[in-house]
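If you want our numbering, it's the position in the sequence shown, counting the first as 1, plus 12. Here a beta-carbon is modelled for each residue, glycine too, at the ideal position from N, C-alpha and C.
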Amino acid sequence: MSQGPGAQPSPPSVYHERQRLELCAIHALNNVLQQQLFSQEAADEICKRLAPDSRLNPHRSLLGTGNYDVNVIMAALQGLGLAAVWWDGRRAFLAAALAQGLCQVLLVVTREVEEKGSWLRTD
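Written out as structure tokens, the structure reads:
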């Protein structure tokens, strides 16, 4: 469908998965990468590769409900040729970079959080 003269192009859509169970690592990866690339099954496979001889895998919940640790996120990104960089606010160079305006931090607050005035979910 064509737009008339002077019409503004529609903004690109943003891919977003809502939090489900303890799968925040999967949702975070997919949201950052703007597409559904990872599933619980894929994360479980990464856990097995990270600790192949472990009966109780240290990289996820004992109940199998997710709660993957950062090693799973790092391995998932590495599999795509990407990397995560650790940023620690206690490190002096980060505080100095933020103070000088050399980097930016983006925090997205949902309408629900804004209205409740809390990050905690009660449902």
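- Ranked by Cα distance from Ser25, the first of Asn43, Cys36, Leu33 is Asn43.
- With fewer than 16 other CB atoms across the displayed protein chains lying within 10 angstroms of its CB, Leu74 is exposed.
- Counting along the chain, Asn83 sits inside the alpha helix (DSSP H) bounded by residues 82-91.
- The same chain holds no residue with a CB closer than 6 Å to that of Glu57 once the five nearest residues on each side in sequence are set aside.
- In the three-state DSSP reduction, Glu29 falls in the coil class, being neither helix nor strand.
- Between Glu34 and Asn69, the beta carbon gap of about 14 Å keeps them out of contact (Cβ cut-off 8 Å).
- Taken atom to atom, the span from the alpha-carbon of Leu110 to that of Trp98 is near 15 Å.
- The C-alpha of Arg30 lies about 7 Å from the C-alpha of His39.
- In the DSSP assignment, Asn43 falls within the unbroken alpha helix (DSSP H) covering 36-45.
- Per DSSP, the unbroken alpha helix (DSSP H) holding Leu62 starts and ends at 52-62.
- In this structure, Ala87 sits near Leu62, with a CB-CB distance shorter than 8 Å.
- No Cβ-Cβ contact shorter than 8 Å links Ala19 with Val84.
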